[in-house]
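Undergrad: Sharing a structure with you now.
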Amino acid sequence: MDGFKRPVRKPSPTTPQPAPTQPTLAQLPRPVVSASRPPSSVGAPVRQKASPAPSRKSLKWLWLVAASFIVATAGASYAWYHEQLKPVDASDDRRVSVVIEQGSSSVQIARTLKSAHLIRDEFAFTLYIKLTRSELKAGSCRFAPRQSVQEIVDTLQKGCNDFKVITFYPGETLTASTFRPSGRDVTSQLIKYGFSREQITATLEASRKGPLFAGKPAGSSLEGYVFGETYYVPTDASPETVLSTAFDELYSQLQSNKLIDKYTARGLTLYQAITLASIVQRELGCSNKTTEASLKTCQENQRRIAQVFYRRLELGMTLGSDVTFIYGADKLGIPPSVDVDSPYNTRIHAGLPPGPIASPGLGALKAVADPAQGDDLFFLAGDDGVIYFAKTQSEHEANIQTHCQKLCSTL
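See the structure below:
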């Protein structure tokens, strides 16, 4: 409660309001209907105003730009294509040997020619073959970088037989083994390419002169001197020409890698070095290695094998190499055994054998020139294909028991 009094207001008299009346149907307002457009319904989409159609002038301009682009692209492609058909080097008359194998596709032929630097582009070459509907023949051909694609294709359509391809293999011998023929010996390869056995024998027995044969004992064979490589020789080449090419390649490899001086520094004549390298090669060949890593490992093992042989020679021990008595037995025409009576048996004879026992590869020749560091005295090839080295007899015997139950029991 507060201390003020408020006057009491009296209600004012109200005037009664008339009751609302319901309008009649005639009194309701009528909607105005437009004659120009129908009424829009609720929620109908709002239509956008249509864009004006491009003018003929704009369309003509667009077609002109597109046509110009197509013509320019076609012209550039045509110019590029004809540029690729030109000679790789119009001033280079040097002949390059290539072999087109039977059944080769145009793509394979293009790849062969490109790898020999005889064409500019593989795709352009195959396109030319397709457009001209050329049918190429297999053969052995000599081309020059100065020749155009058209000249090369014209020759391949006629077919060519410009040279023979002869391959000699590292680790192989001059003649076939009596008990383990591989079919890849030098004589068999020469016979395969059309030479008679009489021609081959006469060539192999001919005397040789020159720096490559310096120090080679009189009357000794050419075993070890036929360098393993693929050679391209004229179709009318004689066995003398073929073998001379292989001898020249061996001497070229020795010279370019400065191996002869390294052999001399180690107290070996060239003949002795080739002999030792041939043993390393037969103990472990690397030509079947397909990856860079496996080849590197193999070549390093060749260097370790060379170190073992050098160490044993230094200590006056026998080389103890099984591949030498196998070669000696084969020359005698008898089955191999560890006690075969042969000067090639380094199980019982100290020092190097009388001469090479096979053709050494470049890796083996390098291994003898630059052996690994170490003092290993033994090695073996395990049943798992791994080469195991040992410094002592007991370690070597343990390796035999652990890693060489099959291979080490075959002889």
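Counting along the sequence shown from 1, when you hit position 225 you're at 1643 in this note's numbering, and nothing is skipped either side.
Yeah, the Cβ is synthetic: ideal placement off N, Cα and C, and Gly gets one too.
For clarity, every value in this text was computed on a predicted model and none was experimentally measured.
Three-state secondary structure (DSSP) at Leu1694?
TA: Of the three classes helix, strand and coil, the one that applies to Leu1694 here is helix, per DSSP.
Undergrad: Leaving out five residues before and five after Thr1585 in sequence, what residues of the same chain have Cβ atoms less than 7 Å from its Cβ?
TA: Closer than 7 Å at Cβ, skipping near neighbours: Gln1607 and Thr1648.
Undergrad: With a threshold of 16 other CB atoms inside 10 Å of the CB of Pro1457, please say whether the residue is buried or exposed.
TA: In this predicted model, Pro1457 has a pLDDT of only 49, less than 50, meaning its place in the structure is not dependable enough to derive any value.
Undergrad: Give me the DSSP bridge partner(s) of Gly1557.
TA: DSSP, once it has assigned bridges, lists Ile1518 as partnering Gly1557.
Undergrad: Write down every uninterrupted run of the alpha helix (DSSP H) in the region 1677 to 1723 whose length is 4 residues or greater and which is fully enclosed by it, in chain order.
TA: Counting whole runs of 4 or more residues, the region 1677 to 1723 contains the alpha helix (DSSP H) stretches 1677 to 1683 and 1688 to 1701.
Undergrad: Is the region 1776 to 1790 touching the region 1676 to 1688, taking contact as three or more C-beta pairs under 8 Å?
TA: These segments touch.
Undergrad: Based on DSSP bridge pairs, tell me the residues matched to Lys1548.
TA: Bridge partners of Lys1548: none, in fact.
Undergrad: Applying the 10 Å Cβ sphere with the 16-neighbour rule, what's the burial state of Glu1590?
TA: Buried, since its Cβ has 16 or more Cβ neighbours within 10 Å.
Undergrad: Looking at the structure shown, is Glu1675 part of a helix, part of a strand, or coil, going by DSSP?
TA: The question names Glu, but residue 1675 in the sequence shown is Asn. Asn1675 falls in the coil class under three-state DSSP.
Undergrad: May I ask you to report which of helix, strand or coil DSSP gives Lys1809?
TA: Here Lys1809 sits in coil by DSSP.
Undergrad: So, is Arg1551 buried or exposed, given that buried needs 16 or more other C-beta atoms within 10 angstroms?
TA: Burial call: exposed.
Undergrad: Taking the CB atoms as reference points, tell me whether Leu1783 and Leu1672 lie closer together than 9 Å.
TA: Yes.
Undergrad: Can you tell me which of Arg1722, Asp1511 and Thr1708 puts its alpha carbon nearest to the alpha carbon of Phe1796?
TA: Nearest of Arg1722, Asp1511 and Thr1708 to Phe1796, Cα basis: Arg1722.
Undergrad: If you reduce the DSSP assignment to three classes, tell me which class Thr1648 lands in.
TA: Correct three-state label for Thr1648: strand.
Undergrad: Considering only C-alpha positions, which residue in the set Glu1501, Ala1695, Thr1715 and Cys1716 is nearest to Phe1727?
TA: Of the candidates Glu1501, Ala1695, Thr1715 and Cys1716, the one whose C-alpha sits nearest the C-alpha of Phe1727 is Ala1695.
Undergrad: My output table needs one value for Lys1824: the three-state DSSP class, helix, strand or coil.
TA: Here Lys1824 sits in coil by DSSP.
Undergrad: State buried or exposed for Tyr1496, treating a residue as buried only when at least 16 other CB atoms are found within 10 Å of its CB.
TA: It counts as exposed.
Undergrad: Just curious, the alpha helix (DSSP H) that Ile1609 is in, first and last residue?
TA: Taken as a continuous stretch (DSSP letters only), the alpha helix (DSSP H) holding Ile1609 covers Val1604 to Lys1610.
Undergrad: Excluding five sequence neighbours on each side, which residues of the same chain lie with their C-beta closer than 8 Å to the C-beta of Leu1592?
TA: So the list reads Asp1603, Val1604, Thr1605, Leu1622, Ser1639, Leu1640, Glu1641 and Val1644, once near-sequence residues are dropped.
Undergrad: Measuring CB atoms only, is the region 1612 to 1631 touching the region 1808 to 1820, in the sense that at least three cross pairs come out at less than 8 Å?
TA: No contact exists between the region 1612 to 1631 and the region 1808 to 1820.
Undergrad: Tell me the DSSP bridge mates of Ala1796?
TA: The amino acid occupying residue 1796 in the given sequence is Phe; Ala does not appear at that position. DSSP lists Ala1808 as partners of Phe1796.
Undergrad: Can you tell me whether Thr1764 is helix, strand or coil according to DSSP?
TA: In the structure shown, Thr1764 sits in coil (DSSP, three-state: anything other than H, G, I, E or B).
Undergrad: Hey, out of Gln1690, Asp1654, Ser1566 and Leu1677, whose CA is closest to Lys1582's CA?
TA: Nearest option by C-alpha distance: Asp1654.
Undergrad: Use the C-beta contact count for Ala1768: other C-beta atoms within 10 angstroms, 16 or more gives buried, fewer gives exposed.
TA: Label assigned to Ala1768: exposed.
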